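Asks: Positions in the sequence shown are counted from 1; adding 592 to them yields this note's numbering. Every residue gets a Cβ at the ideal spot worked out from N, C-alpha and C, and that includes glycine. Just so it is clear, the structure is predicted and the values come from calculations on it, not from any experiment. My questions will all concern the structure given below.
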Amino acid sequence: MGYSDIYGAWKEDPEAFWMKAAEAVDWFQPPSKALFDDKAPMYEWFSDALVNTCYNAVDRHVEAGRGDNLAIMHESPITHSTKGITYSELRDRVATLAGALKMRGVEKGDRVIIYMPMVPEALEAMLACARIGAVHSVVFGGFAAHELAVRIDDAKPKAIIAASCGLEPGRVVHYKPLLDNAIEAAEHKPEFCVVFQREQEVAKLIDGRDFDWHAFQYGVKPVDCLPVEGNHPAYVLYTSGTTGQPKGVVRSTAGHIVALQWSMENIYNVGPGERFWAASDVGWVVGHSYICYGPLLAGAETLVFEGKPIGTPHAGVFWKIIQNHRVKSFFTAPTALRAIKREDPNGEWVKRYKLHDLQALFLAGERADPDTVKWAQEHLGVPVVDHWWQTETGWAIAANPIGIEELPTKLGSPSVPMPGYEVHILDEGGHEVEGAGTMGAIAIKLPLPPGTLQTLWNAEERYKKSYLEHFPGYYETGDAGYKDEDGYLYIMSRTDDVINVAGHRLSTGAMEEVLAEHPDVAECAVIGVADALKGQLPFGFLCLNASHERSPEEVIAECVGMVRHEIGPVAAFKLAVVVDRLPKTRSGKILRGTMQKIADSEEYKMPATIDDPAILDEITEALKAAGYAK
């Protein structure tokens, strides 16, 4: 069956489709049905089943005779260490940690915050929570103490599992002082903390509250997996860029397992014994879905990478690891690829390595501009799949499902909707737009499929208000775009990145697409700045390739001409500056909203997830020089 047959089968009988997908899961008690809609719009999946995520991700593979297969491969170019853990070893380590947590009073439904860098122990902590039905909330390692405190007060964890430090190129990030300060600032106090001591920095433990990772588990009896209800929360993940009250996405257990199991086979084309690498962090949704759970549910080997796309030690580190570990499917963010492309525009580093086992490159996290996709296609020689999803959905809304069939690639499009997602393009009144190519708000008809958010933690009304109220009967994605005549989706920008120039609604994403085509432009962003005459004007920020030949003034002039030619005079694109780098979150999203506030001299809150706050000073100076940010 091809994609259209499978998508059609889901649309014709969603219940039968998801019950069939659920057969790939090992249940303690199978579900009686897939969808539970008695509390609509608070839909649930497989609610009456009994299941355990850790059993499906670890134990069943050992029981099936694959215990000697590698489950986790840790690669840290920062510490120059490589370490593999088999499924049997992983089961024993996780069962012991789970036993120690249980012995200290962590029960089903208790929350445990995990605050760790990219080490295998982070995955072990997540799986140990899942093993005993505790609800984990991973907070990105090195997050500021205030932001960690806010999450402690929202999740109210019984315990916190942390590391003594994280490692960045050339520096040690001191986790333990941040953790201590966060606990001091938080109203809620955890009963105890477990600290994984790294040799690069041994942290001071507080008597009576803190336990050393190894001592905590010494002599502990391992525990078995606890069956939990299908609608039991697997984890809470706080979305990046949150201000004020945090927004904790709740993922329920059974739907999460079914969706990820289906996606590994059908989207990523990865099965038992094969090697999958998502170059992200466990603190983000990609780290949950496709570093920890997805690959392990599939019985594959997952890579845990502690490093950067460039500088640890060079722009070829990704290709070196793909070669050495014979990675089949590789997943990274477009921003990582753009960083590599900027350092290595001609792909010289790629040529040094043999990527024989690589079948596909997957991109997500931010829109993949066509120029970056073309660069990857040219130098890697494999399908480049830009797929689109969100923290809230937990897995792809739209993708090229190469496990089913490889569809034609269309530059700028994440391809087509996956089963479970009925995607509509709506106007501001909530009506379907007319005609292919017409921009509108992207919304998904309810119910959302398994694996997507069930609600927000302790905030059901906020969940409804944030996602379900604007377009009744739909989930509002917050993204704007269109469909073409073949049903391919194009995600052009966040709905608040659509700017209004003299009454014309224009996508900043479309302009960025044109700017990225310039041979000297490595990365770019476009925002709307306030204008007395036209309401808003587009303003471009350009980062140039390391090997750029033209002067910044020439590049700007040529870019202005390109936008005028491709989009037309209606875009009124005349303002642009060259900058060294763009402000981003740690997950790689460009902070366009913050840049816009600076340009319009509005007050803004320093984003909690910003990678380097100093970049905003550089952006402010560039805007001041252009007559903005007064």
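Nearest-angstrom Cα distance between Phe-910 and Pro-901?
Replies: Approximately 6 Å between the Cα atoms of the pair.
Asks: Quick one: measure Cβ to Cβ for Pro-993 and Ile-859, integer angstroms, because I've assumed they're closer than 8 Å.
Replies: Contact holds; Cβ gap of about 5 Å.
Asks: Does Cys-785 come out as helix, strand or coil in the three-state DSSP assignment?
Replies: DSSP places Cys-785 in strand when its eight states are reduced to three.
Asks: Run through DSSP, which three-state label would Thr-835 get?
Replies: Model confidence at Thr-835 stands at a pLDDT of 45, short of 50, so the residue's coordinates are unreliable; what they give is reported in the following sentence. DSSP places Thr-835 in coil when its eight states are reduced to three.
Asks: Does Thr-663 pass the burial test, meaning 16 or more other C-beta atoms within 10 Å, or should it be called exposed?
Replies: One point to set straight first is that residue 663 is Ala, not Thr, in the sequence displayed. Looking at its Cβ environment, which holds 16 or more other Cβ atoms inside 10 Å, Ala-663 is buried.
Asks: Ordered along the chain, which non-local residues of its own chain (more than five positions away) have a Cβ less than 7 Å from that of Val-698?
Replies: Val-704, Ile-724, Ala-726, Lys-750, Ala-751, listed in sequence order.
Asks: List, from N- to C-terminal side, the beta strand (DSSP E) runs of 3 residues or more that fit wholly inside the stretch 967-1039.
Replies: Entirely contained in the stretch 967-1039, the beta strand (DSSP E) runs reaching 3 residues are, in chain order, 976-978, 1015-1018, 1032-1037.
Asks: Hey, does Phe-922 have any beta-carbon neighbour from chain D nearer than 8 Å?
Replies: In the structure shown, chain D does not exist; there is a single protein chain.
Asks: Please work out which residues of its chain come closer than 7 Å, Cβ to Cβ, to Arg-1178, disregarding the five sequence neighbours upstream and downstream, and give them in chain order.
Replies: Around Arg-1178: Phe-732, Thr-1201, Asp-1203.
Asks: At the level of alpha carbons, what is the spacing between Val-919 and Ser-855?
Replies: When rounded, the distance between both Cα atoms is 18 Å.
Asks: Do Ile-775 and Lys-768 come within 8 Å of each other at the CB atom, strictly closer than that value?
Replies: Not a contact, by the Cβ cut-off of 8 Å.
Asks: With respect to the beta strand (DSSP E) encompassing Asn-1092, which residues constitute its N-terminal and C-terminal limits?
Replies: Unbroken beta strand (DSSP E) run through Asn-1092: 1090-1093.
Asks: Would Ala-907 and Trp-941 be called neighbours here (beta carbons separated by less than 8 Å)?
Replies: Contact: yes.
Asks: Can you check the stretch 708-756 for any beta strand (DSSP E) of at least 3 residues that lies completely inside it and give the ranges in chain order?
Replies: Segments of the beta strand (DSSP E) lying fully in the stretch 708-756: 727-730, 751-755.
Asks: Do you know offhand how far Ala-1028's Cα is from Tyr-1074's?
Replies: Distance between the alpha carbons of Ala-1028 and Tyr-1074: 7 Å.
Asks: What number of angstroms, rounded off, separates the C-alpha of Val-1152 from the C-alpha of Pro-1205?
Replies: Cα-Cα distance, rounded: 29 Å.
Asks: Confirm, please, whether the CB-CB distance from Trp-602 to Gly-1012 is below 8 Å.
Replies: Yes; because the gap between Cβ atoms is below 8 Å, this pair is in contact.
Asks: Output needed for Ala-690: all residues of its chain with C-beta closer than 7 Å, excluding positions within five of it in sequence on either side, in chain order.
Replies: Hits under 7 Å: Ala-720, Arg-723, Ile-724, Val-815.
Asks: Taking Arg-1123 as the reference, give the member of Ile-1091, Ala-1149, Arg-790 with the closest Cα.
Replies: Checking the sequence shown, residue 1123 turns out to be Asp, not Arg. It is Ile-1091.
Asks: Could you name the residues of the same chain whose beta carbon sits closer than 7 Å to that of Val-877, not counting the 5 residues immediately before and after it, in chain order?
Replies: Around Val-877: Leu-829, Thr-983, Gly-986.
Asks: Hey, would you say Leu-1225 sits closer than 8 Å to Gly-1132, going by beta carbons?
Replies: For residue 1225 there is no data in the structure shown, the boundaries of the chain being 593 and 1222.
Asks: Beta strand (DSSP E) containing Arg-930: first to last residue?
Replies: It is not in any beta strand (DSSP E) - Arg-930 instead sits in the alpha helix (DSSP H) that spans 926-935.
Asks: From Asn-861 to Ser-921, what distance separates their C-alpha atoms?
Replies: Approximately 8 Å, taken between the alpha carbons.
Asks: What is the DSSP secondary structure of Gly-1219, counted as helix, strand or coil?
Replies: Three-state result, Gly-1219: coil.
Asks: Following the continuous alpha helix (DSSP H) through Ser-680, name the residue where it begins and the one where it ends.
Replies: Ser-680 -> alpha helix (DSSP H) spans 679-695.
Asks: Are the CB atoms of Tyr-885 and Leu-852 nearer to each other than 8 Å?
Replies: Going by C-beta atoms, Tyr-885 is nearer than 8 Å to Leu-852.
Asks: According to DSSP, simplified to helix, strand and coil, what is Lys-603?
Replies: In this structure, Lys-603 counts as helix in the three-state DSSP scheme.
Asks: Determine which residues share a DSSP beta bridge with Phe-803 and list them.
Replies: Partner(s): Val-786.
Asks: Out of Glu-779, Met-1187, Pro-1042, state which residue places its alpha-carbon closest to the alpha-carbon of Glu-607.
Replies: Measuring from the Cα of Glu-607, the nearest candidate turns out to be Pro-1042.
Asks: With DSSP as the reference, please indicate the residues paired to Pro-1041 in a beta bridge.
Replies: For Pro-1041, which the question treats as bridged, DSSP gives no partner whatsoever.
Asks: Please report the distance separating the alpha-carbon of Gly-734 from that of Asp-772.
Replies: In a straight line, the C-alpha of Gly-734 is about 12 Å away from that of Asp-772.
Asks: Would you give the residue range spanned by the alpha helix (DSSP H) that Ile-1159 belongs to?
Replies: Segment: none, Ile-1159 is in no alpha helix (DSSP H) and carries neither H nor E.
Asks: With a CB to CB cut of under 7 Å and the five nearest residues on each side skipped, what residues in its chain are close to Ala-931?
Replies: Here the set comprises Pro-901, Ile-902.
Asks: Are Ile-1127 and Val-1093 touching if we call contact CB-CB under 8 Å?
Replies: As written in the sequence, residue 1127 is Gly, which differs from the Ile given in the question. In this structure, Val-1093 lies closer than 8 Å to Gly-1127 by Cβ.
Asks: Taking the alpha helix (DSSP H) that Pro-1130 falls in, what are its first and last residues?
Replies: Not the alpha helix (DSSP H): Pro-1130 falls in the beta strand (DSSP E), residues 1127-1136.
Asks: What number of angstroms, rounded off, separates the C-alpha of Phe-923 from the C-alpha of Ala-990?
Replies: Answer to the nearest angstrom: the Cα atoms are 15 Å apart.
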